[in-house]
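Q: 1119 is the number of the first residue of the sequence shown in this note's numbering; add one for each residue after it.
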Amino acid sequence: MSLLELDGVRVRYGARAALDGVRLSVAEGEVVCVLGPSGSGKSTLLRAVAGLTPVDEGVVRLSGRDQRGVPAHRRGLGLMFQDHQLFPQRDVAGNIAFGLRTRRRSRREAAGRVAELLDLVGLPGAERRAVASLSGGEQQRVALARALAPDPRLLMLDEPLGQLDRDLRERLVVELRQLFGRLGSTVLAVTHDQGEAFALADRVVVMRDGRVVQVGGPVEVWRRP
Ligand code: ADP
Ligand code: ADP
């Protein structure tokens, strides 16, 4: 069954449609990358799914349920967005535990979960480190751990490696791919970088001017750019 379905989704900003009748589905355990130039509607798509931007027409369904009226924090999503920076005044554990705050847990349970997440993203033992002392790549790992913390049914990433240099991105893409495979995560990620999309995705969705213009496996999309 599709975990996520968008059917005729339209989002308008004034006269302009940022999403113009988008139809898309993501199956359970699938990694889908949305590729498109700046301004094509990629971020708006994620925000509409997250419940952070109102949908003017059409339906967003998660696990078959229409999400109209379901607030963002009740959708069971893990978000790693550019505008959700780490909290510089909290240490690594404090940042990750923020992702757990909506669930009732004892301190011990939360500490155990934080340690597990840090192992998962390749930063074992980093609990007490200051965010400011981390490299860009390490900060991305912490942001990912925070997004994974509540065990979301869908992980949504907006330009997850956008701020990093080329070499590091290439390494992290491989790691992400392995991690998602191991966890069986369902992922919807946005990027403007073709190499990143093709390396990460089971399926690539190409957007232009608020519309989905192509959908397919990385190889298919690569052959008909
Ligand atoms: P992308 O993520 O692909 O760069 P966006 O989803 O950010 O694209 O933007 C799609 C279109 O919607 C662009 O034309 C952008 O200028 C417009 N847009 C996005 N957010 C807003 C907003 N809050 N107010 C008005 N227009 C917006
Ligand atoms: P509000 O006080 O408006 O309800 P929140 O408490 O949801 O806002 O969020 C506080 C801060 O945490 C904001 O800066 C927001 O951008 C950020 N944030 C919210 N949700 C997440 C998340 N899932 N992951 C990372 N940062 C988040």
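Backbone N, C-alpha and C fix where the C-beta goes; we use that ideal spot for every residue, glycine too. Quick caveat: nothing in here was measured; it's all calculated off a predicted structure.
1) Which term fits E1234, buried or exposed, when burial requires 16 or more other beta carbons within 10 angstroms of its beta carbon?
2) Scan the region 1216–1277 and note each continuous beta strand (DSSP E) run of 3 residues or more that stays entirely inside, going in chain order.
3) Where do the ends of the beta strand (DSSP E) carrying S1143 lie?
4) CB-CB under 7 Å to S1120, same chain, minus the five flanking residues each way: which ones, in chain order?
5) When the distance is taken between beta carbons, is D1276 closer than 8 Å to R1247?
6) Pick helix, strand or coil for Q1332, following the three-state DSSP scheme.
7) If you draw a straight line from the C-alpha of R1264 to the C-alpha of R1192, how long is it?
8) Counting only the same chain and skipping the five closest in sequence on each side, list residues whose C-beta sits under 7 Å from that of G1169.
9) Using CA atoms only, rank isn't needed, just tell me which of R1329, P1336, L1273 and E1227 is closest to G1302.
10) Just to confirm, does G1176 get its C-beta within under 7 Å of one of the non-hydrogen atoms of ligand 1?
11) In terms of residues, what are the limits of the alpha helix (DSSP H) holding E1148?
12) Please state the DSSP three-state secondary structure of A1307.
13) Is any heavy atom in ligand 1 found nearer than 7 Å to the beta carbon of T1162?
14) When you compare the CB positions of L1218 and R1231, do they come within less than 8 Å of one another, or not?
15) How big is the Cα-Cα spacing for T1162 and L1137?
16) Classify D1209 as helix, strand or coil using the three-state DSSP reduction.
17) Any chance the CB of G1157 is under 7 Å from a heavy atom of ligand 1?
18) Helix or strand or just coil, what does DSSP make of V1339?
19) If you compare alpha carbons, which of P1268, A1317 and Q1312 is closest to E1293?
20) Does the Cβ of V1177 have 16 or more other Cβ atoms within 10 Å, making it buried, or fewer, making it exposed?
21) Say whether the region 1123–1138 touches the region 1283–1292, bearing in mind that this needs 3 or more beta-carbon pairs closer than 8 Å, one atom from each stretch.
22) Restricting to runs no shorter than 3 residues, where is the beta strand (DSSP E) found entirely within the region 1144–1196?
23) With a 10 Å radius around its C-beta and 16 neighbouring C-beta atoms as the bar for buried, classify G1350 as buried or exposed.
A: The relevant details are as follows:
1) exposed
2) 1272–1276
3) R1134 to A1145
4) S1143, V1144 and A1145
5) no
6) strand
7) 17 Å
8) Q1185, V1188, P1189, A1190 and R1193
9) L1273
10) no
11) Per DSSP, E1148 belongs to no alpha helix (DSSP H) and is neither H nor E.
12) strand
13) yes
14) yes
15) 7 Å
16) strand
17) yes
18) helix
19) A1317
20) exposed
21) no
22) 1149–1153 and 1175–1180
23) An answer regarding residue 1350 cannot be provided, because it is not within the stretch 1119 to 1343 covered by the chain.
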